[in-house]
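Q: Take this structure first; my questions come after.
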Ligand code: PEP
Ligand code: MG
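Residue numbers (this note's numbering): 5 to 591.
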């Protein structure tokens, strides 16, 4: 049994960085069903009109929210609300509600609520993460419409305190997150949600510290308890002791100072102490991250995950819309290279198109280049958009989920056909555009010597390389303890990849999360990696780490690591060197 003032640490997943201090406000979960009552025949018209008015009001609010988010974060984030608006225009839904009012004589709010619940129930039963995410959107819209039936449209607002607080909720919908008042909400933590949810994506772009997937029921948290939210580690500390508060105040200060100090490195070259040059570039999902990329001092974009373009209206933008997006990337990082990865839909991410049956093993299924090579028209549309953009600056194209050379040759053939089509149409492009592949499936790492002869660069996708090498689902918490970046087999596959690249005169980058792990930087430098592509917020720290290392010492350490039999031994070798060379960056 907990006492009221006992310090409690609830662990979750970091959603967006930052530390906040303040009293918590716990938001009630969900919403209750509206009252149901029978209407008279002469009231049917009035109920239909009430329904239409509630819909209209909701549309206007969503339009406003969309504009608000577009102004803050860019067009793609704003498009998240397109899905909401589509719900309100869904003919099947509208017809069913009208029918329930007319034939069942239900009051409008209940008719609407009941129809939506039926939809939601069906969607939640389908084992598909994309549809589950859509169910949250529908739930969100439903709550808004119901609030708009009552004249009291500010009921949500009155539910929020007017003092500064840390918001705790079972879940926050994208529109809840977008409506957060930055003057009052210092940070938020939710029981539900994952780092890839719309909510976490918006929190990052709005710069609100957050935690998702809290491992305890938020219902047990008392409103007004003092708390510390650590968006770096994902810890929510309730009733912090004086000692803990001091520790976190010091940490927050250290982070602010470190960020300021790292800022001074922006113009500095990234070279090890013995003069070995490494390119540091950034991973992005949305173009609104581009200002952070420039600010971080990145020398280009090493990975643009274009599948997130799907997030908007749920369909892939056409050739000219894509060209505009890629051009925006090029223009903001020019004269550096921008690497556009072709669609890697599937797996845990949004599917390129709904499959008729859920896949039993989505990570081993229809994903990445496998989708592109069976949907040639869609793939060539993206390739032509990349090529059109290549006329405006330095751009590279990269294929994901390559398992062997045949896929590389097939993709290159389609690239060539796309070039011929543009040539015929008199459209200019760069015929020498850099072509690369992700090395993220063990079979590709083993065949790297053959693949290297066909491409200009490799980028090692360690997130998937680890999951496929040690057979650990990267999103399954039950096997997370087996997901080991320093597993000897992973390091050996990386070494094979780098040496195959060197033998064939091409460069190798790393764009998986491993590239941003400070304790692992000595291993990557020692392996002879030429480029590290990381999230912009960690880039300055990685720069400092690389500059503090000696490449020859790291290479010697890697020789030892390659003889190790276990993951902890390799991790220790790298961490020891990191602690010796840049202790201030290692927590
Ligand atoms: C990877 O697998 O390491 C990678 C960078 O790609 P994604 O995380 O998008 O699968
Ligand atoms: Mg991958």
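Note that the Cβ used here is the ideal one computed from N, Cα and C, for glycine as well.
(1) Find the nearest neighbour of residue 461 within the set 233, 424 and 510, judged by alpha-carbon distance.
(2) Could you tell me whether any non-hydrogen atom of ligand 2 is closer than 7 angstroms to the CB of residue 1?
(3) Sorry if obvious, but does the Cβ on residue 467 come closer than 7 angstroms to a heavy atom of ligand 2?
(4) Report the three-state DSSP secondary structure of residue 462 (helix, strand or coil).
(5) Can the beta-carbon of residue 305 be found closer than 8 angstroms to that of residue 337?
(6) Quick one: is the Cβ of residue 444 within less than 7 angstroms of any heavy atom of ligand 2?
(7) Do residue 516 and residue 486 have their C-beta atoms closer together than 8 angstroms?
(8) Taking 7 angstroms as the cut-off, is the CB of residue 427 close to at least one heavy atom of ligand 2?
(9) Taking Cβ to Cβ, would you say residue 43 is nearer than 8 angstroms to residue 111?
(10) What residues in its chain sit with their C-beta under 8 angstroms from that of residue 97, if we drop five residues either side in the sequence?
(11) Between residue 88 and residue 145, is the Cβ-Cβ spacing less than 8 angstroms?
(12) Once the 5 residues before and after residue 494 are set aside, which same chain residues still bring their CB inside 8 angstroms of it?
(13) How about residue 307: is its Cβ closer than 7 angstroms to a heavy atom in ligand 1?
(14) Can the beta-carbon of residue 235 be found less than 8 angstroms from the beta-carbon of residue 21?
(15) Is the segment 384-402 touching the segment 435-447 in the sense that three or more CB pairs, one from each, lie closer than 8 angstroms?
(16) Only counting the same chain, and skipping five residues up and downstream in sequence, which positions put a Cβ closer than 7 angstroms to that of residue 331?
(17) Please state the DSSP three-state secondary structure of residue 243.
(18) What are the start and end residues of the alpha helix (DSSP H) that includes residue 505?
(19) For residue 191, write down the residues that DSSP places opposite it in a beta bridge.
(20) Just confirm the distance between the C-beta atoms of residue 227 and residue 177, as a whole number of angstroms; I'd bet it's less than 8 angstroms.
(21) What is the residue span of the beta strand (DSSP E) that residue 234 lies within?
(22) Check for me: the beta strand (DSSP E) holding residue 538 runs from which residue to which?
(23) Is residue 16 helix, strand or coil when you go by DSSP?
(24) For residue 578 and residue 219, I'd like the C-alpha separation in whole angstroms.
(25) Below 7 angstroms CB to CB, which residues in the same chain sit around residue 389 once its five sequence neighbours on both sides are set aside?
(26) Provide the residue span of the beta strand (DSSP E) that contains residue 528, from first to last.
(27) Could you say which of 566, 576, 544 and 102 lies nearest to residue 298 if we only look at CA atoms?
(28) Using CA coordinates, which residue listed in 29, 267 and 149 is at the minimum distance from residue 165?
(29) Could you tell me the distance, in whole angstroms, from the CA atom of residue 574 to the CA atom of residue 507?
(30) Quick test of the definition: if touching needs 3 or more C-beta pairs under 8 angstroms, does the segment 527-545 touch the segment 281-290?
(31) Within a Cβ cutoff of 7 angstroms, which residues of the same chain sit near residue 586, ignoring the five residues on either side of it in sequence?
(32) Compare the beta carbon distance of residue 375 and residue 414 with 8 angstroms and say whether it is the shorter of the two.
(33) Is any heavy atom of ligand 1 found at a distance shorter than 7 angstroms from the C-beta of residue 516?
(34) Within the present structure, is the beta-carbon of residue 348 separated from the nearest heavy atom of ligand 2 by less than 7 angstroms?
(35) Report the three-state DSSP secondary structure of residue 29 (helix, strand or coil).
A: So, from the listed chains and residues:
(1) 510
(2) Shown here, the chain extends from 5 to 591; a query on residue 1 therefore has no answer.
(3) yes
(4) Look at residue 462 here: in three-state DSSP terms it is strand.
(5) yes
(6) yes
(7) No, these two residues do not count as a Cβ contact at 8 angstroms.
(8) no
(9) yes
(10) 91, 119, 120 and 123
(11) The answer is yes: Cβ separation under 8 angstroms.
(12) Cβ within range, chain order: 466, 469, 470, 473, 474 and 488.
(13) yes
(14) Annotated as proximal: residue 235 and residue 21, with beta-carbon spacing under 8 angstroms.
(15) yes
(16) These residues qualify, in order along the chain: 393 and 396.
(17) coil
(18) Segment 492-507, the alpha helix (DSSP H) holding residue 505.
(19) The partner list for residue 191 (beta bridge, DSSP) reads 170.
(20) Residue 227 to residue 177, Cβ: 20 angstroms. No contact.
(21) 230-234
(22) 535-538
(23) coil
(24) 31 angstroms
(25) 323, 326, 327 and 330
(26) Following the DSSP letters along the chain, one finds residue 528 in no beta strand (DSSP E) but inside the alpha helix (DSSP H) bounded by residues 525-531.
(27) 544
(28) 29
(29) 25 angstroms
(30) Yes: the two stretches touch, three or more of their Cβ pairs being nearer than 8 angstroms.
(31) 548, 549 and 552
(32) no
(33) yes
(34) Taking non-hydrogen atoms of ligand 2 into account, the C-beta of residue 348 is found less than 7 angstroms away from one of them.
(35) strand
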